[in-house]
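Residue numbers (the working numbering): 20 to 473. Where a beta carbon is used, it is the ideal one built from N, C-alpha and C, also for glycine. The structure appears below as structure tokens.
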Ligand code: BES
Ligand code: ZN
């Protein structure tokens, strides 16, 4: 039997297994899910063993790492598949309509709905099922494969870098295949050749040493919520550029070739706007929406807190105001350097009426690879065969912080072959993964190993 015949015969069973995987609420960011993270790693480990992989769980200071290998053959080269079993928090729960419980996956209108379906359990599963199809049919697998699966991608992969370093010898590989990105449409599959980097920080402003009566003190005390708002508002100019001195210093201009390629992608501002219920788009002047979303650096407020948040009103001047901020970085920018510049600027613009504390969070550098390499060409051929459509190359705005570390610590390039569609709602309520993308993802993976060996 051929691998894909085996897949067709067992596809329903495989979807049931994916549902089991999705039912484990592996939210890496929330301490109350620590046990679930371990349960999820155990489940993955057992599942890989059933597939026929030699599998081990490695404990870390954070969530466990699962490493699974095909039976070793010393005469073959080795490739790695990387994926993450952790997912983003599911709040706000009211938003989930396709399935009331984000961890009770539902199949409807050609999709599977639930947290982690697209990002990244469903995508990771395509490669696990492909290798299962190859092994169970006794088909030829031209390479040794290492599956490296972590539980901290959504919180910055803080322990995986160290793991790569301490296990570099046994993790040596030709390249790392990652399916944790997207494609413009089902008729336009893509290889992603650049990802943005990311850095996270939190600004905490303190005014008076306690919440004050706003009638007794209002007018005489600088309200830290006001201070924070005007500081944050000043971080962009009316042209949508970030005002932090030096923010753009290292940014490389897009080549004309890249800008022309972007023009060819199937994308319209009109339908993008509509899909987000927006009346107008906004962004850095002089760049198209695709360029703004994939190839320009940004600074965003992700969370904002101050004062009374309960029912009704409370007449106070809050003591504290804080904001969570992340920046997306593009090739040639360094997370550490930009973190320094942003922190320094925030301290500079903070008036003496408030005291400022800045907490540095995770950071990851951007990633870019040569889109004309023979490995990318092999991936494009695999996509063409699976999707029966002309594939493209593109840059993406999201971040997979460990990608650059594969290069630095293992000297391995990443091959980013994503199967997620633009309306998959990653990180949002009603996350989904198209079953057609799942099927074609499995086929892509089966073909990929052939194409890489030819
Ligand atoms: N799958 C995404 C990364 C992604 C999304 C790449 C869209 C390309 C397009 C990944 O799981 C993710 O969300 N990463 C986080 C990393 C952060 C928390 C350090 C991100 O980009 O916000
Ligand atoms: Zn994600």
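Relative to the ligand ZN, the beta carbon of residue 138 is positioned inside 7 Å of a heavy atom. Going by DSSP, residue 132 is part of no alpha helix (DSSP H) but of the beta strand (DSSP E) stretching over 130-132.
Distances from the CB of residue 171 to the heavy atoms of the ligand BES are all 7 Å or more.
Assignment of residue 202 by DSSP, reduced to helix, strand and coil, places it in the coil class. When the five nearest sequence neighbours on each side are left out, the beta carbons in the same chain lying within less than 6 Å of the beta carbon of residue 174 are those of 47, 48, in order along the chain.
Taking C-beta separations shorter than 6 Å and ignoring five residues to either side along the sequence, the partners of residue 144 in its chain run 37, following chain order.
If you ignore the 5 residues before and after residue 146, its C-beta comes within less than 6 Å of the C-beta of 100, 464, all in its own chain and listed in chain order. The closest heavy atom of the ligand BES lies less than 7 Å from the beta carbon of residue 200. The beta carbon of residue 466 sits closer than 7 Å to the beta carbons of 401, 404, 405 from its chain, once the five residues preceding and following it are set aside; these are given in chain order. Residue 446: not part of any beta strand (DSSP E); DSSP gives it neither H nor E. The segment 339-425 contains, as complete beta strand (DSSP E) runs of 3+ residues, the segments 339-348, 374-383, 411-415 (chain order). Within the same chain, 420, 421 come within 6 Å of residue 176 by CB-CB distance, once the 5 residues on both sides are set aside. With distances taken between CA atoms, residue 57 lies nearest to 84 out of 34, 84, 66, 235. The beta-carbon separation of residue 335 and residue 233, rounded to 5 Å, stays under the 8 Å limit for a contact. Assignment of residue 314 by DSSP, reduced to helix, strand and coil, places it in the coil class. Remark: the shortest separation between the CB of residue 445 and any heavy atom of the ligand ZN falls under 7 Å. Its Cα nearest to that of residue 323, the residue 244 stands out among 258, 244, 338, 115. By the criterion of a C-beta distance shorter than 7 Å, residue 326 is surrounded in its chain by 244, 335, 337, once the five residues flanking it on both sides are discounted.
Per the coordinates, the alpha-carbon of residue 137 lies some 18 Å from the alpha-carbon of residue 119. Not one heavy atom of the ligand ZN lies closer than 7 Å to the C-beta of residue 49.
According to DSSP, residue 88 shares a beta bridge with 73, 165.
The three-state reading of DSSP puts residue 67 in helix, counting H, G and I together. Taking one beta carbon from each stretch, the segment 103-113 and the segment 180-190 have fewer than 3 pairs nearer than 8 Å; the two do not touch. Rounded to the nearest whole angstrom, the C-alpha separation of residue 26 and residue 35 is 13 Å.
For residue 464, the secondary structure class from DSSP, reduced to helix, strand or coil, is helix. With contacts defined as CB atoms closer than 8 Å, residue 23 and residue 152 qualify as a contacting pair.
DSSP, reduced to helix, strand and coil, places residue 192 outside both helices and strands of the structure shown, so it counts as coil. Scanning 32, 204, 79 for the CA closest to the CA of residue 407 turns up 204.
Distance from the CA of residue 370 to the CA of residue 180, rounded to the nearest whole angstrom, comes to 38 Å.
Relative to the Cα of residue 231, the nearest Cα in the group 339, 294, 434, 417 belongs to 339.
Using a Cβ distance threshold of 8 Å, residue 97 and residue 169 do not count as a contacting pair. In the three-state reduction of the DSSP assignment, residue 146 falls in the helix class.
With fewer than 16 other Cβ atoms from the protein chains shown falling within 10 Å of its own Cβ, residue 235 counts as exposed. Contact between residue 449 and residue 135 is ruled out by a C-beta separation of about 13 Å, above the 8 Å threshold. The beta carbon of residue 107 sits closer than 7 Å to at least one heavy atom of the ligand ZN. Non-local C-beta neighbours of residue 294 in its own chain, meaning closer than 8 Å and more than five positions away in sequence, comprise 441, 442, ordered along the chain.
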